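Undergrad: Questions regarding the structure given below will be posed in turn.
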Amino acid sequence: MTNRFRALPLRSRLALLVATAVAVAVAAAASVCWLVVRSALVDSLDNALSTNRMAPRQVLAFVDPAGQCRKAAPAGPDTDLFRSTIQLLDREGNSCVVLGDESVEVTDADIDVAGGRSESSFHNATASDGSEYRVFTYPIEGYAGAVIVARPLSEVDDTLGNLTLVLALVAGAGVLGAGAAGAWVARAGLRPVDELTGAVEHVARTEDLSVRIPVEGDDEIARLSRSFNAMTAALASSRDLQQQLIADAGHELRTPLTSLRTNVELLARSEETGRALPPDDRRALLASVKAQMTELAALIGDLQELSRPDVGASGKVQVVALHEITQAALDRARLRGPELTFTARLEPWFVRADQAALERALVNVLDNAVKFSPPGAEVEVGLSGGELTVRDHGPGIPPEELPHVFERFWRSPSARALPGSGLGLSIVARTVRQAGGGIALEPAAGGGTRAVIRLPGAAGPPPPIP
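Below, the structure is given as structure tokens:
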């Protein structure tokens with residue numbers, strides 16, 4: 001049954017749930033109403049039986065001088081009594097009908113009243129014709145027994161039957177109305193879901209990420225619509241960035257590949273024609289081929305670095321000593337710029353990061369300082385309170401170019417003649433952001449450029465885990 005219910009469409013399930021809830025509520029209300037009315041009707045019948053009890057002289061009119069019962073009209077007209085069945089009951093349990101056509105069974109409660117052991121009794125009893133009666137038994141002065149007055153329960157049952165019919169009609173109309181209302185509510189409430197479903201199917205069918213769903217209100221459906229719009233916007237932005245990266249990578253790869261192909265074709269043509277190139281030209285071509293291959297390898301390595309997942313996803317985050325990583329990057333930078341002077345003032349600082357990625361980022365920053373520093377210049381490196389600074393004495397970066405230095409494949413016009421892919425600083429910015437920090441380039445006082453990297457951490461290592 002549960003599986004069948006789950007197999008229904010959501011709209012049908014909502015309508016069915018609403019109809020069921022209303023049906024249960026209406027059934028409960030109708031049952032309570034029926035019970036309350038029945039109790040009131042029975043109480044009213046009991047009150048009528050008690051109020052119209054017979055006077056002693058009326059009872060004695062049914063007894064002859066020999067003490068035997070006889071049927072006779074009671075003294076004085078009483079229409080309510082004529083609607084009743086009246087029996088006289090002696091103390092031995094013998095009864096006789098003095099008014100009415102049907103006799104009512106005598107119960108122990110009636111005998112107790114006749115014997116003086118109980119003052120009165122209200123109960124139901126079955127008549128000789130099988131119908132149900134409401135019985136009131138009470139003693140009377142001057143008669144050694146009790147009087148049993150009974151009226152048929154059909155007076156109550158007929159009213160309850162009419163009430164049951166009315167309640168059934170009202171309940172049925174209520175359930176049908178609830179079902180219709182549930183279907184309308186489900187259709188109106190699920191309209192945004194239908195729009196969302198249509199949008200998702202459209203995106204899956206056409207891969208059109210420009211689809212947006214109108215958002216109204218601040219309910220759960222509106223939140224879902226906003227989340228979908230944010231998701232499609234993020235996917236569209238990611239796809240645009242991916243396409244831009246592919247286009248930029250293709251553009252950057254085209255130049256070294258063209259140069260490499262030209263040089264290889266010259267060498268191959270020399271071999272095919274048998275006309276050897278002059279030794280100096282051949283060495284220059286081979287050096288150019290080697291340089292282009294090195295540039296290609298560096299560009300491919302940078303692209304691989306950019307394609308790596310976030311550090312958090314790779315699970316390589318750990319507490320590392322930033323001062324030690326900076327010192328290792330400085331040692332590598334000294335090998336690349338032996339004609340430069342490096343000064344370093346490094347204070348202990350521990351951060352949470354991917355050690356290998358962070359070291360590559362610092363090497364890229366120092367490589368830029370080496371690349372743009374004139375021979376014999378000084379590169380100053382400092383680390384204090386989580387702030388790492390690298391200052392060179394090169395030509396500096398024009399203010400209008402500073403906003404673009406961390407963009408992929410962006411290269412300053414003055415640096416396009418120098419080796420590099422234009423990806424180094426974008427890799428640095430990504431690595432620093434993944435470590436929870438920030439990076440900025442700014443003009444240095446007296447000329448040159450100052451790179452500032454700020455990483456959250458502590459001056460001492462964390463205590464070991466017990």
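Numbers 1 to 466, taken from full-length UniProt numbering, label the letters of the sequence shown in order.
Just so it is clear, CB atoms sit at the ideal spot from N, CA and C, and this is done for glycine as well.
Predicted, not measured: the structure shown is a model, and the values here were computed from it.
(1) With three or more C-beta pairs closer than 8 Å as the rule, is the region 329-341 touching the region 365-382?
(2) Rounded to whole angstroms, how far is the Cβ of Ala-146 from the Cβ of Val-113, which I believe are closer than 8 Å?
(3) Could you work out which residue in Thr-431, Gly-179 and Asp-218 is closest to Pro-192 when comparing CA atoms only?
(4) On the DSSP letters alone, give me the boundaries of the beta strand (DSSP E) that Leu-388 sits inside.
(5) Kindly identify the DSSP beta-bridge partner or partners of Pro-152.
(6) What whole-angstrom Cβ distance do Phe-350 and Leu-322 have, given they're in contact under 8 Å?
(7) State buried or exposed for His-393, treating a residue as buried only when at least 16 other CB atoms are found within 10 Å of its CB.
(8) Which one of Gly-100, Leu-277, Arg-454 and Ser-373 has the shortest CA to CA distance from Leu-362?
(9) Pick from Glu-102, Leu-286 and Val-185: whose alpha carbon is nearest that of Leu-14?
(10) Which two residues bound the contiguous beta strand (DSSP E) that contains Gly-382?
(11) So, with DSSP's three-state summary, where would you put Gly-174?
(12) Look at the Cβ atom of Ser-128, then the Cβ atom of Ala-109, and state whether they are nearer than 8 Å.
(13) Measure the C-alpha to C-alpha separation of Ser-238 and Val-215 and round it to an integer number of angstroms.
(14) If Val-135 sits next to Leu-45, beta carbons under 8 Å apart, how far is it from one beta carbon to the other, in whole angstroms?
(15) When burial is assigned at 16 or more other CB atoms within 10 Å of the CB, is Ile-325 buried or exposed?
(16) By Cβ distance below 7 Å, which residues in the same chain neighbour Thr-79 in space, the five residues on each side in sequence not counted?
(17) Apply the 10 Å Cβ neighbour rule to Leu-17 and answer buried if 16 or more other Cβ atoms are within range, or exposed otherwise.
(18) How is Ala-125 classed by DSSP in three states: helix, strand or coil?
(19) Starting from the C-beta of Glu-347, find all residues in its chain whose C-beta is less than 8 Å away, skip the five residues before and the five after it, and write them out in chain order.
(20) Go to Ser-426, then tell me how far its alpha helix (DSSP H) extends in each direction, as first and last residue.
(21) Could you give the DSSP three-state label for Ser-210: helix, strand or coil?
(22) So, Val-317 versus Arg-352, is the Cβ gap smaller than 8 Å?
(23) Return the CA-CA distance between Val-32 and Val-42, expressed in angstroms with no decimal places.
(24) Starting from Leu-99, trace the beta strand (DSSP E) both ways and give me its first and last residue.
(25) Can you check the UniProt domain "HAMP" (187-240) for any alpha helix (DSSP H) of at least 4 residues that lies completely inside it and give the ranges in chain order?
(26) Leaving out five residues on either side along the sequence, give the residues of the same chain with a beta carbon under 7 Å from the beta carbon of Arg-91.
(27) Look at the alpha carbon of Leu-402 and the alpha carbon of Leu-266, and state the distance between them as a whole number of angstroms.
(28) Report back the beta-carbon spacing between Gly-179 and Ala-19 to the nearest angstrom; my notes put them in contact at under 8 Å.
(29) Report the partner residues of Gly-145 according to the DSSP bridge assignment.
(30) Suppose contacts are defined by Cβ-Cβ distances below 8 Å. Is Val-390 in contact with Val-365 by that definition?
(31) So, Ala-26 versus Val-175, is the Cβ gap smaller than 8 Å?
(32) For Thr-449 versus Ile-397, is the C-beta spacing smaller than 8 Å?
(33) Between which two residues does the beta strand (DSSP E) containing Phe-350 stretch?
(34) Helix, strand or coil for Thr-326? Go by DSSP, reduced to three states.
(35) Between Ala-199 and Ile-213, what straight-line distance do the alpha-carbon atoms span, to the nearest angstrom?
(36) The alpha helix (DSSP H) that contains Ala-114, what's its start and end?
TA: Let me spell this out:
(1) As far as the Cβ criterion goes, the region 365-382 touches the region 329-341, which means the pair count is three or higher.
(2) Here Ala-146 really is in contact with Val-113; their C-beta atoms are around 5 Å apart, less than 8 Å.
(3) Looking at Thr-431, Gly-179 and Asp-218, the one whose alpha-carbon comes closest to that of Pro-192 is Asp-218.
(4) Per DSSP, Leu-388 belongs to the beta strand (DSSP E) from 387-391.
(5) Per DSSP, Tyr-133.
(6) Contact flag correct, Cβ pair sits at about 7 Å.
(7) With 16 or more Cβ atoms within 10 Å of its Cβ, His-393 is classed as buried.
(8) Sorting Gly-100, Leu-277, Arg-454 and Ser-373 by C-alpha distance to the C-alpha of Leu-362 places Arg-454 at the top.
(9) Nearest to Leu-14 by C-alpha distance, out of Glu-102, Leu-286 and Val-185, is Val-185.
(10) Counting along the chain, the beta strand (DSSP E) containing Gly-382 begins and ends at 378-384.
(11) The answer is helix: DSSP assigns Gly-174 an H, G or I state.
(12) Result no, Cβ atoms of Ser-128 and Ala-109 do not sit closer than 8 Å.
(13) Straight-line Cα distance between these residues: approximately 23 Å.
(14) About 10 Å separates the two Cβ atoms, so there is no contact after all.
(15) Flag for Ile-325 reads buried.
(16) Only weak support exists for where Thr-79 lies, its pLDDT of 44 falling under 50; the coordinates are left without a value.
(17) The residue in question, Leu-17, is exposed, as its Cβ has fewer than 16 Cβ neighbours within 10 Å.
(18) Under the three-state reduction of DSSP output, Ala-125 falls in the strand class.
(19) The residues His-323, Leu-383, Ser-384, Gly-385 and Ala-459, in chain order, have a CB closer than 8 Å to that of Glu-347 in the same chain once the five nearest residues on each side in sequence are set aside.
(20) Ser-426 -> alpha helix (DSSP H) spans 424-434.
(21) For Ser-210, the secondary structure class from DSSP, reduced to helix, strand or coil, is coil.
(22) Against a cut-off of 8 Å, the Cβ pair of Arg-352 and Val-317 comes out as a contact.
(23) Val-42 has its alpha-carbon roughly 15 Å from the corresponding atom of Val-32.
(24) Run containing Leu-99: 95-99, per the beta strand (DSSP E) assignment.
(25) As far as the UniProt domain "HAMP" (187-240) is concerned, its whole alpha helix (DSSP H) runs of at least 4 residues are 191-206.
(26) Same-chain partners within the cutoff: Ala-114, Gly-115, Ala-144 and Gly-145.
(27) Going by the C-alpha atoms only, they are around 41 Å apart.
(28) So it is a contact: roughly 4 Å between Cβ atoms.
(29) Beta-bridge analysis with DSSP links Gly-145 to Asp-90.
(30) Contact: yes.
(31) This sequence places Val at residue 26; Ala is not what is there. Contact: yes.
(32) Yes.
(33) Its beta strand (DSSP E) spans residues 350-353.
(34) Three-state DSSP puts Thr-326 in a helix.
(35) Near 7 Å, if we compare the C-alpha coordinates of Ile-213 and Ala-199.
(36) That run of the alpha helix (DSSP H) goes 108-114.
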